[in-house]
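K.L.:
Take this structure first; my questions come after.
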Amino acid sequence: MITRPIIALDFATVSQVDAFLSTFNGESLFVKVGIELFYQNGPAIVTHLKQLGHDVFLDLKLHDIPNTVQRSMKGLTALEVDMLNVHAAGGQDMMEAAMEGILSGTPTGKKRPKLIAVTQLTSTTPLAMQQEQLIAVPLMESVIHYAKLTQLAGLDGVVCSALEARKIKENTGKEFLCVTPGIRPTGTDVGDQKRISTPAMAKKEGASYIVVGRPITQADDPLAAYRTIKEQWNGVDK
Ligand code: C5P
C-alpha cells in the first residue's frame with residue numbers, strides 16, 4: 007500500500023504551521039494535529055488545514071468515561087477529519103462508545119474517519135511500563151493485548167511502534183491498521199522516543215502509515231526531508 011508519511015504538526019501557533027506548510031508549494035499532505043496545536047488554537051486549526059486540502063489525523067488520544075468520549079467524538083467528527091484516536095487503556099466500553107460517537111457524527115453519505123487506539127506510547131520503555139503502570143507482562147504482550155481489545159471493540163487499528171506491527175498483524179489480520187510514530191531515518195536525532203524504527207524498516211515490518219514529526223519539522227530543508235522519508239517509506243518517490 008502506497009501512503010504518504012503523516013507529518014506531525016507539533017507547533018504552537020497557526021503562523022508557525024503556515025510557515026512550515028508554505029515550503030510544500032500547495033502539495034496535498036496527510037498531517038497530524040496533536041494536543042499542542044489543538045489546545046492552543048482550537049477546532050479552527052483543523053478547519054483551516056482541511057480548507058487547504060490536507061488530510062487530517064486529529065491525535066487527541068481521548069481517555070475518559072464512555073459517555074464523555076462518545077459525545078466528544080461526535081463533535082470532533084463534525085470537523086470532517088480523516089483519523090481520530092483514543093487510548094486503548096480506556097477499555098472496550100470506552101472504545102465502543104468512541105466508535106458510536108463517530109458513527110452518529112458522520113453526516114449521511116460522508117466517509118467516517120478511521121478510529122485507532124494507542125497501545126503503549128512509543129516513549130514508554132518496558133521498565134517504565136512495569137514499574138509505573140504495574141503491568142507485569144512483557145511490553146509486546148501488553149501491546150498485543152491492547153491491539154486485540156481494540157479490534158474486539160470494532161476499531162480500525164492501533165498506534166504502535168513499527169517494531170510491533172508484524173506481531174500485531176499476525177494477531178489481528180492484515181486489514182488492521184498499524185500507524186507507527188517513533189520514526190527516525192538513520193542519522194537523525196532520537197529525542198524522547200524509545201522504540202524507534204527507520205521508514206524502510208517500518209515498511210518491512212508491515213506498518214500501514216508512518217507518523218513523522220521532528221525529522222521533518224526541525225529539518226533545515228523540511229521538503230527535502232519529507233521527500234527522502236517518503237521515498238524510503240514507499241521505495242519510490244510518489
Ligand atoms: O517528532 P516525532 O517524530 O517524535 O513525533 C511523533 C509524533 O507522534 C508526536 O506528535 C507524538 O505525539 C506522536 N505519538 C507518538 N507515540 C504514540 C502516539 C503518538 O510519538 N504512541
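Just so you know, we're using this note's numbering here: the sequence shown kicks off at 7 and counts up by one.
The C-beta atom is built at its ideal place from N, Cα and C for all residues, glycine as well.
Just so we're clear, the structure is a prediction, and the values are computed from it rather than from any experiment.
Output the distance between the C-alpha atoms of T223 and R118, rounded to the nearest integer angstrom.
P.N.:
Answer to the nearest angstrom: the Cα atoms are 29 Å apart.
K.L.:
When every heavy atom of the ligand C5P is checked, does at least one fall within less than 7 Å of the C-beta of L155?
P.N.:
Checking the Cβ of L155 against the ligand C5P gives no.
K.L.:
Measure how close the beta-carbons of L64 and M79 come, nearest whole angstrom, since I'm counting them as under 8 Å.
P.N.:
Going by Cβ atoms, the distance from L64 to M79 rounds to 10 Å, so no, they are not a contact pair.
K.L.:
For a minimum of 3 consecutive residues, which ranges assigned as the beta strand (DSSP E) are wholly contained in the stretch 80-117?
P.N.:
Counting only runs of 3 or more, we get 89-93.
K.L.:
What do you reckon, is the C-beta of R220 under 7 Å from a heavy atom of the ligand C5P?
P.N.:
Yes - the ligand C5P has a heavy atom lying nearer than 7 Å to the Cβ of R220.
K.L.:
Once DSSP output is grouped into helix, strand and coil, what is the label at D65?
P.N.:
Residue state, collapsed to three classes: strand.
K.L.:
Give, in chain order, every unbroken run of the alpha helix (DSSP H) that is at least 4 residues long and sits entirely within the stretch 145-172.
P.N.:
Qualifying alpha helix (DSSP H) stretches, in chain order: 145-158.
K.L.:
Tell me whether the beta-carbon of S214 lies closer than 8 Å to the beta-carbon of V185.
P.N.:
Yes, Cβ-Cβ distance for S214 and V185 is below 8 Å.
K.L.:
Say yes only if the C-beta of G163 is nearer than 7 Å to one or more non-hydrogen atoms of the ligand C5P, and no if none qualify.
P.N.:
Answer for G163: no, Cβ out of range of the ligand C5P.
K.L.:
Under a three-way DSSP split, which group does I202 fall into?
P.N.:
Three-state DSSP puts I202 in coil, outside helix and strand.
K.L.:
Suppose the cutoff is 7 Å on Cβ atoms and the five residues either side in sequence are ignored; what does the same chain contact list for L158 look like?
P.N.:
These residues qualify, in order along the chain: Q98.
K.L.:
Taking contact to mean 3 or more Cβ pairs, one atom from each stretch, closer than 8 Å, check whether the stretch 107-124 and the stretch 80-93 are in contact.
P.N.:
The stretch 107-124, when compared against the stretch 80-93, does touch it at the 8 Å Cβ threshold.
K.L.:
Helix, strand or coil for L140 per DSSP?
P.N.:
The answer is coil: DSSP assigns L140 none of H, G, I, E or B.
K.L.:
Along the alpha helix (DSSP H) that carries A25, what are the first and last residues, could you check?
P.N.:
From DSSP, the alpha helix (DSSP H) with A25 extends over 20-27.
K.L.:
Nearest to A225 by CA position, among P191, K200, F36, is which residue?
P.N.:
The residue with the shortest Cα to Cα distance from A225 is P191.
K.L.:
Quick check: the Cα distance between E147 and V165, rounded to an integer number of angstroms?
P.N.:
Computed Cα separation, rounded: 15 Å.
K.L.:
Beta carbon of P11, beta carbon of I235: below 8 Å?
P.N.:
Closer than 8 Å, so yes.
K.L.:
Go ahead and pull the three-state DSSP assignment for F44.
P.N.:
Correct three-state label for F44: helix.
K.L.:
How about A14 and G219: do their beta carbons lie closer than 8 Å?
P.N.:
Yes, the Cβ-Cβ distance between A14 and G219 is below 8 Å.
K.L.:
Taking DSSP as the reference, what is the three-state secondary structure of L52?
P.N.:
The sequence shown places Val at residue 52, rather than the Leu named in the question. Here V52 sits in helix by DSSP.
K.L.:
Check whether the Cβ of P187 lies closer than 7 Å to any heavy atom of the ligand C5P, and answer yes or no.
P.N.:
Checking every heavy atom of the ligand C5P against the Cβ of P187, one is found closer than 7 Å.
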